[in-house]
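Participant: Quick note on numbering: the UniProt record's numbering labels position 77 of the sequence shown as 77, and the sequence is numbered without any gaps.
Here you go, one structure.
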Amino acid sequence: MRELFEGLEPGKVMAFFYDISQIPRGSGHELKISNYLVNFAKERGLECHQDRLNNVWIRKEAHESKKDRPAVILQGHMDMVWEKNNDTVFDFIKQPLDLYVEDDYIKARGTTLGADNGIAVAMIMAVLDDETLELPCIEGVFTVDEERGLTGALGFDASDLKGQILINLDSEDDDEILTSCAGGVRLNYHLPVRPDRKKREGRFCRVSVKGLLGGHSGMDINKGRANANHLLGRLLYSIHEEMDMAIVSVEGGSKDNAIPREAQAVLLVDKAEMENLELTIKAFDRYMSNEYAICDPQIDFGLEWLLEEKFDILDQESTDGIIGLLLTIPNGVVSMSEDLEGMPVSSQNLGVVTFQNGEVQFSVAARSSSISKKEELVAMNMTLGKRFGASMEQTGDYPGWSYAKESPLRELAISVYENRFGEKPKTVAIHAGVECGIFGDKMPGLDMISIGPNIYDVHSPRERLSISSTKKLWEFLMDLLQKI
Numbered sequence: 001m002r003e004l005f006e007g008l009e010p011g012k013v014m015a016f017f018y019d020i021s022q023i024p025r026g027s028g029h030e031l032k033i034s035n036y037l038v039n040f041a042k043e044r045g046l047e048c049h050q051d052r053l054n055n056v057w058i059r060k061e062a063h064e065s066k067k068d069r070p071a072v073i074l075q076g077h078m079d080m081v082w083e084k085n086n087d088t089v090f091d092f093i094k095q096p097l098d099l100y101v102e103d104d105y106i107k108a109r110g111t112t113l114g115a116d117n118g119i120a121v122a123m124i125m126a127v128l129d130d131e132t133l134e135l136p137c138i139e140g141v142f143t144v145d146e147e148r149g150l151t152g153a154l155g156f157d158a159s160d161l162k163g164q165i166l167i168n169l170d171s172e173d174d175d176e177i178l179t180s181c182a183g184g185v186r187l188n189y190h191l192p193v194r195p196d197r198k199k200r201e202g203r204f205c206r207v208s209v210k211g212l213l214g215g216h217s218g219m220d221i222n223k224g225r226a227n228a229n230h231l232l233g234r235l236l237y238s239i240h241e242e243m244d245m246a247i248v249s250v251e252g253g254s255k256d257n258a259i260p261r262e263a264q265a266v267l268l269v270d271k272a273e274m275e276n277l278e279l280t281i282k283a284f285d286r287y288m289s290n291e292y293a294i295c296d297p298q299i300d301f302g303l304e305w306l307l308e309e310k311f312d313i314l315d316q317e318s319t320d321g322i323i324g325l326l327l328t329i330p331n332g333v334v335s336m337s338e339d340l341e342g343m344p345v346s347s348q349n350l351g352v353v354t355f356q357n358g359e360v361q362f363s364v365a366a367r368s369s370s371i372s373k374k375e376e377l378v379a380m381n382m383t384l385g386k387r388f389g390a391s392m393e394q395t396g397d398y399p400g401w402s403y404a405k406e407s408p409l410r411e412l413a414i415s416v417y418e419n420r421f422g423e424k425p426k427t428v429a430i431h432a433g434v435e436c437g438i439f440g441d442k443m444p445g446l447d448m449i450s451i452g453p454n455i456y457d458v459h460s461p462r463e464r465l466s467i468s469s470t471k472k473l474w475e476f477l478m479d480l481l482q483k484i
């Protein structure tokens, strides 16, 4: 299989990308890929450091002809989002990704591909591995846990880095040069719930939301796609308005930075309401299919009557609290930019809902390019949590990356791109978070851009990497490094 990828261009990049896809590397499970990078450096006699978080930096000294040039940091993250289709049997911790090529795309069967940000790791490795390139000092920086809150970059000690220039390789459009991004914070609601001590008769059932497109909670948040957790709240509210019911359990989503595609709840309803429940769900399905006909056309609501198992049900206050938070936690775009058309300023994604140990946890990824707007999001959530009796946890606060009025690197990149491809690239801001803001805080004066090949539907099993775009981006990166 690796031979197939060696036959693709650029050869070393594709071969390294295949190799790292064989190593489980989800967020929080990066030790193996971290050790692999350390061994890669040792085998080539390159200076290397692995920190307590498993971040890795590797230094390759400048070619004799480029010792007078500023050192360049090439940076990406080694972790990936683990998502799979509901009908895919796959163990991310034990199994290598099952990659295949289809037309111009590399894909993974039934799972996320990990091109976000494995292609950056592969490109940096290819630069460090090539003895024929006449380049300035290159420092490869590989961070962990980017997808869960950029905690690897936040904990990285940058004091030993020599670089004055940083090229982040975590972008996903080959005709764009990223120049700024949003900051963010993770917010977790912990809602205590109680069992109902009263004896209640009825039928247990499972209601579900599935078939959604999902996507990246930053890049795709302005596309109007449905959020399965929020839709489950709307469905439960509709059912509760029609009949008495009690919640047994609720769950949805798997990553707070991925728009959830599926959610479900187990309920108890009176036997006399069985037909009414079926009609209610069918009607709700029609309404939502119409509401999301354009942006989420495969939306589907399911009902499964369970066998005569006995479940503990939650009391009415707990049921109301769950429905209330599913409905009212801000979700989607919260405010839009007045300067950049189509660009959100702040947003939220209700990414994960879990039920265990006597509480329901609601995990939210909040983003904003404005410090004051980010503070507003935090205040809104803290107030809402207090109102519903939920304790609140705030983690993973990371800075945004402000547009630099003067950037020699940005101007050089624009010129190099235009010379290579005959047209100017777009210079853009994005609503997603990249690690540039964190490194900029750690290393004041650092000149930065972010670039990358075309990757589609990241954080979902439809993720795919364009082969021709990867070749294009590699040629651009090589030109740029040699011109610095």
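Beta carbons are placed, not taken as given, at the ideal position from N, Cα and C, and that holds for glycine.
Note that the structure is predicted; figures quoted are calculated from it, not measured.
#1: With respect to the alpha helix (DSSP H) encompassing Trp82, which residues constitute its N-terminal and C-terminal limits?
#2: Checking the sheet assignment: what are the DSSP bridge partners for Lys374?
#3: Assign Ile33 to one of three DSSP states: helix, strand, or coil.
#4: Nearest-angstrom Cα distance between Pro425 and Val207?
#5: Counting only runs of 3+ residues fully inside the segment 384 to 424, write out the beta strand (DSSP E) ranges in chain order.
#6: Hey, quick one: how far does the beta strand (DSSP E) through Arg206 stretch, first residue to last?
#7: Please return the same chain residues whose Cβ sits closer than 7 angstroms to the Cβ of Met125, not counting the five positions on each side in sequence.
#8: Give me the residue from Asp315, Arg197, Leu178, Ile323 with the minimum Cα distance to residue 491.
#9: Considering only C-alpha positions, which residue in the set Val89, Ile247, Glu309 is nearest to Pro195?
#10: Among Asn257, Gly252, Arg2, Asn168, whose alpha-carbon lies nearest the alpha-carbon of Asn86?
#11: For Leu37, which option in Gly28, Asn55, Ser27, Lys67 has the closest C-alpha, if you only look at C-alpha atoms?
#12: Please work out which residues of its chain come closer than 6 angstroms, Cβ to Cβ, to Arg464, disregarding the five sequence neighbours upstream and downstream, and give them in chain order.
#13: DSSP three-state call for Leu113: helix, strand or coil?
#14: Applying the criterion that 16 or more other CB atoms from any shown protein chain within 10 Å of the CB defines a buried residue, is Tyr100 buried or exposed?
#15: Would you mind working out which of Gln164, Ala182, Glu393, Val334 sits nearest Gln348, comparing C-alpha positions?
#16: Tell me whether the segment 401 to 414 and the segment 142 to 152 touch, counting them as touching only if at least three CB pairs, one residue from each stretch, are closer than 8 angstroms.
#17: Looking at Arg186: is its Cβ nearer than 8 angstroms to the Cβ of Ala365?
#18: Quick one: what's got a C-beta closer than 7 angstroms to Thr280's C-beta in the same chain, skipping five residues either side?
#19: Which residue comes first and which comes last in the alpha helix (DSSP H) that contains Val13?
#20: With a threshold of 7 angstroms on Cβ separation, who are the neighbours of Arg69 within its own chain once the five nearest residues in sequence on each side are excluded?
#21: Is the Cβ of Val416 closer than 8 angstroms to any Cβ of chain B?
#22: Compute the Euclidean distance between the alpha carbons of Lys84 and Gly110, then round it to the nearest angstrom.
#23: By the three-class DSSP mapping on this structure, what secondary structure does Glu275 have?
#24: Spatial neighbours of Val416 within its chain, please: CB distance less than 8 angstroms, with the 5 preceding and 5 following residues excluded, ordered by chain position.
#25: Could you tell me the boundaries of the beta strand (DSSP E) in which Tyr189 lies?
#26: Okay, do the segment 345 to 359 and the segment 252 to 262 touch, 3+ Cβ pairs below 8 angstroms being the bar?
#27: Going along the chain, which residues of its own chain have a beta-carbon closer than 7 angstroms to the beta-carbon of Gly342, five neighbours each way excluded?
#28: Once DSSP output is grouped into helix, strand and coil, what is the label at Arg25?
#29: By the DSSP assignment, the alpha helix (DSSP H) with Ser469 in it spans what residues?
#30: Please state whether the Cβ-Cβ distance between Ile430 and Leu178 is less than 8 angstroms.
#31: Which residues share a DSSP beta bridge with Gln95?
#32: Count the other CB atoms, across all protein chains shown, that sit within 10 Å of the CB of Asn117; report buried if there are 16 or more and exposed otherwise.
#33: Hey, Gly433 and Gly218: beta-carbon distance below 8 angstroms or not?
#34: Could you give the distance in angstroms between the alpha-carbon of Glu411 and the alpha-carbon of Leu235?
#35: Please report the distance separating the alpha-carbon of Asp157 from that of Phe421.
#36: Lys198: buried (16+ other C-beta within 10 angstroms of its C-beta) or exposed?
Facilitator: Per the coordinate set shown:
#1: No alpha helix (DSSP H) holds Trp82; DSSP gives it neither H nor E.
#2: The partner list for Lys374 (beta bridge, DSSP) is empty, contrary to what the question assumes.
#3: Helix.
#4: About 47 angstroms.
#5: Residue ranges of uninterrupted beta strand (DSSP E) with 3 or more members, entirely inside the segment 384 to 424 and ordered along the chain, are 391 to 398.
#6: For Arg206, the enclosing beta strand (DSSP E) has its first and last residue at 203 to 210.
#7: For Met125, the CB contacts under 7 angstroms within the same chain, skipping 5 residues up- and downstream, are Phe16, Phe40 in chain order.
#8: Nothing in the structure corresponds to residue 491, since the chain is present only between 1 and 484.
#9: The candidate whose alpha carbon is nearest that of Pro195 is Ile247.
#10: Measuring from the Cα of Asn86, the nearest candidate turns out to be Gly252.
#11: For Leu37, the closest alpha carbon among the candidates Gly28, Asn55, Ser27, Lys67 is that of Asn55.
#12: Answer for Arg464: Tyr105, Lys107, Tyr456, listed in chain order.
#13: Three-state DSSP puts Leu113 in coil, outside helix and strand.
#14: By the neighbour-count criterion, in which a residue is buried when 16 or more other Cβ atoms sit within 10 angstroms of its Cβ, Tyr100 is exposed.
#15: Put simply, of Gln164, Ala182, Glu393, Val334 the residue whose alpha carbon is nearest the alpha carbon of Gln348 is Val334.
#16: Counting Cβ pairs under 8 angstroms, fewer than three are found: no touch.
#17: Cβ atoms of Arg186 and Ala365: closer than 8 angstroms.
#18: Here the set comprises Ser238, Ile239, Glu242.
#19: Looking at the DSSP string, the run of the alpha helix (DSSP H) that includes Val13 is 11 to 21.
#20: Taken in chain order, the residues that qualify are Ala62, Pro136, Ile484.
#21: Here chain B cannot be found, since the structure has a single protein chain.
#22: Distance between the alpha carbons of Lys84 and Gly110 is about 6 angstroms.
#23: Helix at Glu275.
#24: Counting only residues of its own chain and dropping the five nearest sequence neighbours on each side, Val416 has a CB closer than 8 angstroms to the CB of Phe476, Asp479, Leu480, Lys483.
#25: It spans 183 to 192 - the beta strand (DSSP E) in which Tyr189 sits, taken as one unbroken run.
#26: A contact exists between the segment 345 to 359 and the segment 252 to 262.
#27: For Gly342, where only same-chain residues beyond five positions count, the Cβ hits under 7 angstroms are Asn222.
#28: Collapsing the DSSP output to three states places Arg25 in coil.
#29: That run of the alpha helix (DSSP H) goes 467 to 483.
#30: The Cβ atoms of Ile430 and Leu178 sit closer than 8 angstroms to each other.
#31: BP columns for Gln95 are empty, so no partner.
#32: So Asn117 counts as buried.
#33: It is a contact, given that the beta carbons lie within the stated cut-off.
#34: The C-alpha of Leu235 is placed about 51 angstroms away from the C-alpha of Glu411.
#35: Roughly 37 angstroms separates the two Cα atoms.
#36: Per the 10 Å Cβ criterion, exposed.
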